[in-house]
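Worksheet for the structure shown next.
The structure is reproduced here in structure tokens:
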């Protein structure tokens, strides 16, 4: 028995040693509020335990679905001892302090060890009595919000400045800024199917509280009660029409019809139904150019046999046939669709009246002025003709009076010209040129030279800003190294001085050692004298003896006092030496710390230099690719409404621009043959003729969580943030006055990547990822701003200083500065190097509602409840104010370069400003009906 007991004891010792070494870390949790089992503990158990311990499957007869069932336990007895977490089986196996450890390694359910913060929460729940109940989700009977409820709580802006989004109640409106139009009212089909909504286009049951565009601008997320929705921008696929080698394409000005000239035939199509209406053929020659009348009812074709033929689309009849004295390269119907113009190599534009029989045709006017062959003609339904020539000029003409109006120098032989429907703009391209010109028709003045690939230009601008930022990082870290080295020198000097002082003090102590010994001996002797005198005093019998002995005691004590004083003086050199030894030790620690700081600073400097070198190399590569992307333009066209321009390059890519601003919008593969706008679609020919919509639609692509059932998201989602690469989305929500919730999701799959438990003690109102995507900053109604490590959920920083809710947070790209906006009317600028507030910006009497750093700069955008929208520097000095606001402003956003700023507030108006001069570009009031949405 003794031997067996010894063996068991040994086994127990080994087991306890193994358990102790494998025990999981339990975080320190300072919390007074009661842990909510259903909202805080059950989600942990559901993720890691319930797969094997539930009502239908209870291994070891243990069900962990409710506190009552947990207390009842299983084969091993109760799983909890209320108030005693250390003795509770559930906590023991979860913390790996007792076998069997849970969850087991290699489990098939994907359960993971509990994190330190989860274990701390479980421990606290048990210590509080392991109480609680599972009530379950109470379904909310959502009712439609009034369409007149229009305050804007959140806005978003795509990085390229093309799209802005704003909520109004539970509606989300998307605007296309280059064309200044409302292009989408985001609609959840399931909600739309509810008859109570009476056809309203709504995105959520509850209000939308947060909006964010993905870094690439192709996805917009909206957050509401217990859910976040992903809305994706998609272009419709092309409509394909059979066809051969297309020579020319022409569209009616209303965009309802288009004609395709190919070989010896002209086909006319209905642009809406994509149905072929008529086919017209010629017996001799090949089609060189075609022109469809503005109303689409007539089509003219110029052919290689020097003939212009005009047909009626409605009945297919040949209206007239015109013999030209010169070869023909261009044709255009004009003058209320009653006249046709033709031109070619003889440099003359001739006009004829269409409603004249072929035998009676004669030239009405000759427009002379070009000094080389004419290559292109265009007109709207009026009397103005635009011509392009090999003489490198573009000219506008009054065709009725045969008068040249304006001459525009192209700089290259003109290959193509186009006139906008309203006749105000001219688009022209030089033959073999990489530059297209957008000009005013009235005065011939250049609006803008359009060259290159606008996407590459945007990439170049972004890379240029980043390269400049990378250089400033090198400068900062060079300064940090100098500071660290200066501090190291100070500590070296201090150590040298401390060692010298120690050696000096040691010598002084050694020199005074004899004096110290004598003083110690004298003190001991004096102590003995006092003791002897007091003993004699106690033994004295009569008063005289007592008096005599008392004097001896007094004299002995006086001598002791003198001895003690001398001892104190004698001990000073030794004490000074001892103190100098400690000081020298501290100096060694300081030197070591300073040396490590130098090494760290130098390492960071080298890393920044590598970053800058890579940025410089990448910039050179982008510059090279941007130059290479500047292909020759071969044709151009205006959309029917005039808001778009399409330019086709030699690689067969159509670049679409805003005609108002010449801002690049989108790119489309159209092939290297003919291309033209038909309405707001591009008609082109590659293997076959196709129609391609250039205006994308926005549709619901994913929903995480739900507002109508139990959801992994707690409460309203007040904040969202995309990681810089767009692969992650963070959501911030929580239970008011109880807990905050931050969840990080995989944007590709919608799967939960990380949940930061017990992150705040109140709802999370602001989130922002760091530039490298490694950190996540959060701000909450608990008055704290914090920074977390994304991979582990570990807290890195915690900042306390606001006296009211933290409304928003933003991390500067250098990852050394954090902004926090407070409902106390204060902006805190936190130094992440020191952990202290660098600046406190005051002067506002109401909430700071949102903020955002502008790209890599130190200035930031801020909105306030006092109707302010401003650019501020880190000291709080206003750099620019954006006017026109008159109410509580809730949210604002800026492009990374600060060129465009949008903001919204209680008045429901989305305002758009030029960030460079502060001027209002456009304001968008709340749309009244869905009819306001741009017609696709």
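Residue numbers (our numbering): 74 to 1009. Beta carbons are placed, not taken as given, at the ideal position from N, Cα and C, and that holds for glycine. These numbers come from a predicted model, not from an experiment.
Since residue i sits in a beta bridge, which residues does DSSP pair it with?
i	result
residue 912	902
residue 303	294 and 775
residue 476	471
residue 813	807
residue 241	244
residue 881	894
residue 844	Per DSSP, none; premise fails for residue 844.
residue 730	718 and 737
Return the first residue and the last residue of the beta strand (DSSP E) that residue i is part of.
i	result
residue 581	Premise fails: residue 581 lies in the alpha helix (DSSP H), 527-584, not in any beta strand (DSSP E).
residue 805	801-808
residue 321	321-324
residue 338	338-343
Can you tell which of the options has the C-alpha that lies nearest to the C-alpha of residue i?
i	options	result
residue 738	188, 213 and 251	251
residue 1011	998, 356, 836 and 106	No answer is possible for residue 1011: it lies beyond the span of the chain, which begins at 74 and ends at 1009.
residue 231	363, 675, 294 and 192	294
residue 671	561, 694, 745 and 258	561
residue 115	784, 558, 552 and 883	784
residue 808	106, 361, 485 and 860	106
residue 457	722, 639, 410 and 482	410
residue 155	885, 141, 856 and 127	141
residue 567	484, 663, 647 and 372	663
residue 174	215, 239, 240 and 95	95
residue 302	124, 270, 259 and 688	259
residue 412	596, 432 and 455	455
residue 289	895, 956, 866 and 798	798
residue 656	745, 572, 172 and 188	572
residue 699	782, 534 and 551	534
residue 401	599, 439 and 417	417
residue 388	358, 889 and 351	351
residue 851	879, 322 and 207	879
residue 511	504, 498, 503 and 505	498
Return the CA-CA distance between residue i and residue j, expressed in angstroms with no decimal places.
i	j	result
residue 234	residue 973	7 Å
residue 314	residue 347	Low per-residue confidence applies at residue 314: pLDDT is 49, beneath 50, and the placement is therefore not dependable enough to give any value.
residue 989	residue 690	29 Å
residue 335	residue 283	52 Å
residue 381	residue 394	6 Å
residue 731	residue 191	53 Å
residue 83	residue 159	Confidence at residue 83 is low in this model, with a pLDDT of 34, below 50, so its placement is unreliable and the value that follows should be read with caution. The straight-line gap from Cα to Cα measures roughly 23 Å.
residue 362	residue 486	18 Å
residue 991	residue 935	14 Å
residue 318	residue 710	Unreliable positioning characterises residue 318 in this predicted model, as indicated by a pLDDT of 46, which lies under 50. A coordinate reading is not provided.
residue 330	residue 386	10 Å
residue 153	residue 164	8 Å
residue 488	residue 706	9 Å
residue 995	residue 198	55 Å
residue 749	residue 986	33 Å
residue 871	residue 863	15 Å
residue 602	residue 574	39 Å
residue 795	residue 715	36 Å
On the premise that residue j lies in contact with residue i, defined as a C-beta separation below 8 Å, what is that separation, rounded to the nearest angstrom?
i	j	result
residue 375	residue 415	6 Å
residue 405	residue 364	5 Å
residue 201	residue 108	6 Å
residue 983	residue 248	7 Å
residue 490	residue 461	4 Å
residue 833	residue 857	6 Å
residue 136	residue 176	16 Å between Cβ atoms; not a contact.
residue 774	residue 790	About 17 Å; that fails the 8 Å criterion.
residue 543	residue 685	4 Å
residue 916	residue 895	Not confirmed; about 13 Å, so no contact.
From what residue to what residue does the alpha helix (DSSP H) around residue i run?
i	result
residue 679	616-701
residue 215	No alpha helix (DSSP H) holds residue 215; DSSP gives it neither H nor E.
residue 374	Careful: residue 374 lies outside any alpha helix (DSSP H), inside the beta strand (DSSP E) at 371-376.
residue 145	140-145
residue 166	162-167
residue 119	115-121
residue 264	262-265
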